[in-house]
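A.B. asks: First, the structure itself, so that you have it in front of you.
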Amino acid sequence: MKLKQIKGCAHYLKSPTNVGVLIDGKEAILIDSGNDTDKAKKIHRELETQGLSIKSIWNTHSHADHWGGNHYLQQKTGCEITSSKIEAAMINNNIMEPFYLYGAEPLKVLKNKFLMAKECSCGIFDSNHIDVAGRSVEIVDLKGHSPGMVGFKTEEGVFFTGDAIFSLEIIEKYKLMYSSDITGHLKTLDFLEKSDAEYYVPSHGDVFGFDGLKDLIEKNRDAIFRVNRILLDEMAEPASLEELLTSSMDRLGVSMNIGQHFLNRTTISAHLSHLCNEGFAVAQMDNNRLVYRTK
Ligand SMILES: [Zn+2]
């Protein structure tokens, strides 16, 4: 794991979940903290080698692969951790991710490190801007993938976008990209399309420049619209959530374990509320069975 400069104070550590590093003198602010304790140890070692101490961690959102290193780094350095209000509530209560995916006390199989990072103490951002090295870093609302996800944009034009934009490799590999709110997710893509940063740093994948932005956003939108079309087609006959999940995953060629079942079930639920709320479909009870159908 090697610290790489992007521009100005903005650096990053390439990792399965990239870690942004904003440098202010001898201090570093991390944007997310890696998947787990192992990654956190590597982050800590590399920053120490560079003569940097960790001042704080800013979390883009509360998915465990983005804050898996929080516990270790806070114990080791006493760093302050902050996120948006709703994401901080989940980071402070690590049961929340498996709990909301399952909707009740989760199955034991869901209580794993991929869905439950070790707890830490996380505060809430109290402003839309934070000064780093005498320049302003903007905290940007990127809700959709997660309800309170934020990104960070430096004055020098480096935009850390969390999980708002997925790389082509991820779209091709997973077919269905996790989202908790499709309406919000699409608005965030519209917003990002009009943004004017020089560099974009997605949490998964490579840094890309402004030139690649429009095309990648189009691919992200296409992936969402494709799932909408499949669901509308499947809802020609009334169908339950579980039936729609199975038929849409079959059509996308995706096979799921129990964890993926609950992640994809949440995303399909988000698609269904988007399609119902936008007037393309309705949800109704049919003999104690909740079904969705096209309008
Ligand atoms: Zn995420």
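Heads up, the sequence shown is in the numbering used here, so the first residue is 813 and it goes up one at a time.
Where is the CB? At the ideal position from N, CA and C, for every residue including glycine.
For the beta strand (DSSP E) that contains Y1011, what are its first and last residues?
C.D. replies: Start and end: Y1011 to P1014.
A.B. asks: Hey, is G1071 close to ligand 1, as in C-beta under 8 Å from one of its heavy atoms?
C.D. replies: Because no heavy atom of ligand 1 lies under 8 Å away, the Cβ of G1071 does not count as near it: no.
A.B. asks: Does N773 pass the burial test, meaning 16 or more other C-beta atoms within 10 Å, or should it be called exposed?
C.D. replies: What the structure shows of the chain is the stretch from 813 to 1107, and residue 773 is not part of that stretch, so it cannot be assessed.
A.B. asks: Do you know how far the Cα of S865 is from the Cα of H1083?
C.D. replies: Distance between the alpha carbons of H1083 and S865 is about 43 Å.
A.B. asks: For E1114, count the other beta carbons within 10 Å of its own beta carbon; 16 or more makes it buried, fewer makes it exposed. Which is it?
C.D. replies: This structure cannot settle anything about residue 1114, because the visible part of the chain is limited to 813 through 1107.
A.B. asks: Pull up the distance between the alpha-carbon of I907 and that of F1074, whole angstroms please.
C.D. replies: Between I907 and F1074, the C-alpha separation is close to 15 Å.
A.B. asks: Should S1015 be listed as close to ligand 1, given that the test is whether its C-beta is under 8 Å from any heavy atom?
C.D. replies: Yes.
A.B. asks: Closer than 8 Å to a non-hydrogen atom of ligand 2 - does that hold for the CB of H856?
C.D. replies: In terms of ligand content, the structure shown lacks ligand 2 and carries ligand 1 instead.
A.B. asks: Give the single residue among I1080, L1025, N1069 and K955 whose Cα lies nearest to the Cα of S1052.
C.D. replies: The option with the nearest alpha carbon to S1052 is I1080.
A.B. asks: Can you find a C-beta in chain C that's less than 9 Å from the C-beta of K867?
C.D. replies: Considering every chain present, this structure includes no chain C. It has just one protein chain.
A.B. asks: For S948, which three-state DSSP category applies?
C.D. replies: Reduced to three states, the DSSP call for S948 is strand.
A.B. asks: Are K819 and E858 closer than 9 Å when you measure CB to CB?
C.D. replies: In this structure, E858 does not lie closer than 9 Å to K819 by Cβ.
A.B. asks: Over what stretch of residues does the beta strand (DSSP E) that includes Y1104 continue unbroken?
C.D. replies: Residues R1101 to T1106.
A.B. asks: Roughly how many angstroms separate the alpha carbons of A900 and C934, rounded to a whole number?
C.D. replies: The straight-line gap from Cα to Cα measures roughly 6 Å.
A.B. asks: On the premise that H1016 lies in contact with F971, defined as a C-beta separation below 8 Å, what is that separation, rounded to the nearest angstrom?
C.D. replies: With 8 Å as the limit, F971 and H1016 do not qualify as a contact, their Cβ atoms being about 15 Å apart.
A.B. asks: Here's the rule I'm using: 16 or more other beta-carbon atoms within 10 Å means buried, otherwise exposed. How should V1111 be labelled?
C.D. replies: The question about residue 1111 has no answer, for the chain in this structure spans 813 to 1107.
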